[in-house]
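**Student:** Structure incoming, see below.
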Amino acid sequence: MFKRFRRNRINPVLRDMLQETHVRKEDFIYPLFIKAGVNIKEEISSMPGVFQISLDKLEDEINDIKRLGLKSIILFGIPKVKDSVGSDALCEHGIIAEAVRKIKSFAPDIFVVTDLCFCEYTDHGHCGILDIKNQTVDNDKTLEISAKQALVHAKAGVDMIAPSGMMDGVIETLREALDANGYENLPIMSYSTKFASAYYGPFRDVAESAPSFGDRKSYQMNPANLREAIAESIEDEMQGADILMVKPALAYLDVIRKIKDTTSLPMAVYNVSGEYAMLKAAAKAGVIDYERILMETMIAFKRAGADIIISYHAKEVAKLLNGESL
Ligand code: PBG
Ligand code: ZN
Numbered sequence: 004m005f006k007r008f009r010r011n012r013i014n015p016v017l018r019d020m021l022q023e024t025h026v027r028k029e030d031f032i033y034p035l036f037i038k039a040g041v042n043i044k045e046e047i048s049s050m051p052g053v054f055q056i057s058l059d060k061l062e063d064e065i066n067d068i069k070r071l072g073l074k075s076i077i078l079f080g081i082p083k084v085k086d087s088v089g090s091d092a093l094c095e096h097g098i099i100a101e102a103v104r105k106i107k108s109f110a111p112d113i114f115v116v117t118d119l120c121f122c123e124y125t126d127h128g129h130c131g132i133l134d135i136k137n138q139t140v141d142n143d144k145t146l147e148i149s150a151k152q153a154l155v156h157a158k159a160g161v162d163m164i165a166p167s168g169m170m171d172g173v174i175e176t177l178r179e180a181l182d183a184n185g186y187e188n189l190p191i192m193s194y195s196t197k198f199a200s201a202y203y204g205p206f207r208d209v210a211e212s213a214p215s216f217g218d219r220k221s222y223q224m225n226p227a228n229l230r231e232a233i234a235e236s237i238e239d240e241m242q243g244a245d246i247l248m249v250k251p252a253l254a255y256l257d258v259i260r261k262i263k264d265t266t267s268l269p270m271a272v273y274n275v276s277g278e279y280a281m282l283k284a285a286a287k288a289g290v291i292d293y294e295r296i297l298m299e300t301m302i303a304f305k306r307a308g309a310d311i312i313i314s315y316h317a318k319e320v321a322k323l324l325n326g327e328s329l
């Protein structure tokens, strides 16, 4: 029996030539947290390098992102006032609508995605209008306001919307609302398979969106379920989603691969706040080679089937790909 495999690895040129998976700057969407107010640039203690920023600080931030060669961002808003229905998210002058208009005014070439949800805008911190009797969200009432939120973002000039609330029927609802209002070319990236995960902990600090009671288990998925994970994504494909997503990423590589093999749509992964915080903490403790672990993790997402990676590491990855040091 002859040997083959090692021969292909010994010469570095041949090894590189045969590399199957690549990480590119084009693969990334970088999250930004926009906070109402002025002169705010506040670092999150559990997520070093991640900031809440106000509208007046946006231009510098976008210039930095552009200089690194990144082209796409996803926006989250922290409004001044929260109420039971998340009114800020439904208003043409809400924090996200203002942010989109502002970014488009000085950087029309940046691809702007908006996260579509209500947990950052409601005083109770749940992802929609409450159903008090069942201690959860009222799915269908939330669909109505989701369509309104989508049109506010569309009018502001967003390039893609990303509904993250896991409401049943939301993709169909949004597609119909967009099409009926002349936005048939606006794509929808669905948070189609989103698990009820402890990995979102640091995000809820930065987005000030922790639920004031209960949890999100009635609308987010059970991490133990693979068949249901596939069904959720395929359901959104059938409702007209343009891009599917698995979230979180690192603990769910098998789910990414399985959905990738089941759909013909592009796939995104969300490398979430807890995953970021863990790498940062390990680096700070001096127990890992941070840069190598970072790139190995990104390659793993691509190898599992991701076309798009939403990551707080995007600027660092771009720097490393540019040959700059962190
Ligand atoms: C809002 C939303 C969340 C995240 C993205 N959009 C939080 C949640 O569902 O609790 C998590 C992102 C992260 O942890 O980095 N629905
Ligand atoms: Zn939410």
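FYI, in this note's numbering the residues of the sequence shown are 4 to 329.
Beta carbons are placed, not taken as given, at the ideal position from N, Cα and C, and that holds for glycine.
Please read these numbers as outputs of a predicted model, since none were measured by experiment.
What do you get for L181, buried or exposed, if any count of 16 or more other CB atoms within 10 angstroms of its CB means buried?
**Tutor:** Here residue 181 corresponds to residue number 178 of the sequence shown, with the count starting at 1. Its Cβ being crowded by 16 or more others within 10 Å, L181 is buried.
**Student:** Any idea if A165 is buried or exposed, counting beta-carbon neighbours within 10 angstroms, 16 or more meaning buried?
**Tutor:** Residue mapping note: residue 165 aligns to position 162 of the sequence shown, counting from 1. Buried: at least 16 other Cβ atoms inside 10 Å.
**Student:** Can you give me the start and stop residues for the alpha helix (DSSP H) that Y273 sits inside?
**Tutor:** Mapped onto the sequence shown, residue 273 falls at position 270. Looking at the DSSP string, Y273 is not in any alpha helix (DSSP H); the run it does join, the beta strand (DSSP E), is 270 to 274.
**Student:** Let's test the definition: count the other Cβ atoms within 10 Å of the Cβ of S108 and tell me whether it reaches 16, buried, or not, exposed.
**Tutor:** If you number the sequence shown from 1, residue 108 lands on position 105. Classification of S108: exposed, given that the 10 Å Cβ count is below 16.
**Student:** Measuring straight from C-alpha to C-alpha, what distance separates Q223 and A199?
**Tutor:** For the purposes of this step, residue 223 is taken as the residue at position 220 of the sequence shown. For the purposes of this step, residue 199 is taken as the residue at position 196 of the sequence shown. Computed Cα separation, rounded: 5 Å.
**Student:** CA-CA distance, S236 and A254?
**Tutor:** Within the sequence shown, the letter at position 233 stands for residue 236. Within the sequence shown, the letter at position 251 stands for residue 254. When rounded, the distance between both Cα atoms is 17 Å.
**Student:** Would the C-beta of S75 count as close to ligand 1, meaning under 7 Å from any of its heavy atoms?
**Tutor:** Looking up residue 75 in the sequence shown gives position 72. The answer is no for S75.
**Student:** First and last residue of the alpha helix (DSSP H) that includes Y293?
**Tutor:** One-based indexing of the sequence shown puts residue 293 at position 290. Where Y293 is concerned, the enclosing alpha helix (DSSP H) stretches over 293 to 307.
**Student:** Tell me whether the beta-carbon of K305 lies closer than 8 Å to the beta-carbon of V275.
**Tutor:** The residue you call residue 305 lines up with position 302 of the sequence shown. The residue you call residue 275 lines up with position 272 of the sequence shown. Not in contact: K305 and V275 (Cβ atoms no closer than 8 Å).
**Student:** List the DSSP bridge partners of L133.
**Tutor:** Within the sequence shown, numbered from 1, the residue matching residue 133 stands at position 130. DSSP output for L133 lists V140 as bridge partner(s).
**Student:** Can you look up V115 in the DSSP assignment and give me helix, strand or coil?
**Tutor:** For the purposes of this step, residue 115 is taken as the residue at position 112 of the sequence shown. It is a strand residue.
**Student:** In this structure, does DSSP put Q152 in helix, strand or coil?
**Tutor:** Numbered from its first residue, the sequence shown carries residue 152 at position 149. Helix at Q152.
**Student:** Give me the Cα-Cα distance between T266 and K38, rounded to the nearest whole angstrom.
**Tutor:** Locating residue 266 in the sequence shown gives position 263, counting from the first residue. Locating residue 38 in the sequence shown gives position 35, counting from the first residue. Cα to Cα, the separation comes out at about 37 Å.
**Student:** Excluding the five sequence neighbours on either side, which residues of its own chain have a C-beta within less than 6 Å of the C-beta of M169, listed in chain order?
**Tutor:** In the sequence shown, the residue the question calls residue 169 occupies position 166. Around M169: K197, Y222, Q223.
**Student:** With respect to 7 Å, is the separation between the Cβ of G168 and the closest non-hydrogen atom of ligand 1 below this value?
**Tutor:** As a first step, residue 168 must be located in the sequence shown, where it is residue number 165. Yes, the beta carbon of G168 sits closer than 7 Å to at least one heavy atom of ligand 1.
**Student:** Is the distance from the Cβ of L58 to the Cβ of A102 below 8 Å?
**Tutor:** Mapped onto the sequence shown, residue 58 falls at position 55. Mapped onto the sequence shown, residue 102 falls at position 99. Yes, Cβ-Cβ distance for L58 and A102 is below 8 Å.
**Student:** Across which residues does DSSP place K38 in a beta bridge pair?
**Tutor:** For the purposes of this step, residue 38 is taken as residue 35 along the sequence shown, with counting starting at 1. DSSP, once it has assigned bridges, lists I81 as partnering K38.
**Student:** Would you list the one or two residues that DSSP bridges to Y186?
**Tutor:** The residue labelled residue 186 in the question sits at position 183 within the sequence shown. Its beta-bridge partners do not exist; DSSP assigns none.
**Student:** Would you kindly work out how many angstroms separate the C-alpha atoms of S48 and F206, rounded to a whole number?
**Tutor:** One-based indexing of the sequence shown puts residue 48 at position 45. One-based indexing of the sequence shown puts residue 206 at position 203. The alpha-carbon atoms of S48 and F206 are separated by roughly 11 Å.
**Student:** So does the segment 210 to 218 actually touch the segment 113 to 132, counting three or more Cβ pairs closer than 8 Å?
**Tutor:** Judged by Cβ distances under 8 Å, the segment 210 to 218 makes contact with the segment 113 to 132, as three or more pairs qualify.
**Student:** Going by DSSP, what residues sit across from P3 in a beta bridge?
**Tutor:** Because residue 3 is not part of the residues shown, which for the chain are 4 to 329, the question remains open.
**Student:** Shortest alpha-carbon distance to D245 belongs to which of E319, R230, K136, P190?
**Tutor:** The residue given as residue 245 occupies position 242 in the sequence shown. Minimum Cα distance to D245 is reached at P190.
**Student:** To the nearest angstrom, report how far apart A210 and Q22 are at their CA atoms.
**Tutor:** For this step, residue 210 is matched to residue 207 along the sequence shown. For this step, residue 22 is matched to residue 19 along the sequence shown. Cα to Cα, the separation comes out at about 38 Å.
**Student:** Less than 7 Å separating the Cβ of F206 from some heavy atom of ligand 2?
**Tutor:** Stepping through the sequence shown from its first residue, residue 206 is reached at position 203. No.
**Student:** Could you say if the segment 150 to 157 and the segment 80 to 94 meet the contact criterion of at least three C-beta pairs nearer than 8 Å?
**Tutor:** The segment 150 to 157, when compared against the segment 80 to 94, does touch it at the 8 Å Cβ threshold.
**Student:** Tell me the residue span of the alpha helix (DSSP H) that contains K318.
**Tutor:** Here residue 318 corresponds to residue number 315 of the sequence shown, with the count starting at 1. Run containing K318: 317 to 325, per the alpha helix (DSSP H) assignment.
**Student:** Would you give the residue range spanned by the beta strand (DSSP E) that L73 belongs to?
**Tutor:** The residue you call residue 73 lines up with position 70 of the sequence shown. Note, L73: premise wrong, no beta strand (DSSP E); not H, not E.
**Student:** Decide if F36 is buried, meaning its Cβ has at least 16 other Cβ atoms within 10 Å, or exposed.
**Tutor:** Your numbering for residue 36 matches position 33 in the sequence shown. Looking at its Cβ environment, which holds 16 or more other Cβ atoms inside 10 Å, F36 is buried.
**Student:** In three-state terms, what does DSSP make of G277?
**Tutor:** On the sequence shown, residue 277 is found 274 positions in, with the first residue counted as 1. Looking at G277 - three-state DSSP - the assignment turns out to be helix.
**Student:** Confirm, please, whether the CB-CB distance from L268 to E240 is below 8 Å.
**Tutor:** To locate residue 240, count along the sequence shown from 1; it is residue 237. To locate residue 268, count along the sequence shown from 1; it is residue 265. Yes, Cβ-Cβ distance for E240 and L268 is below 8 Å.
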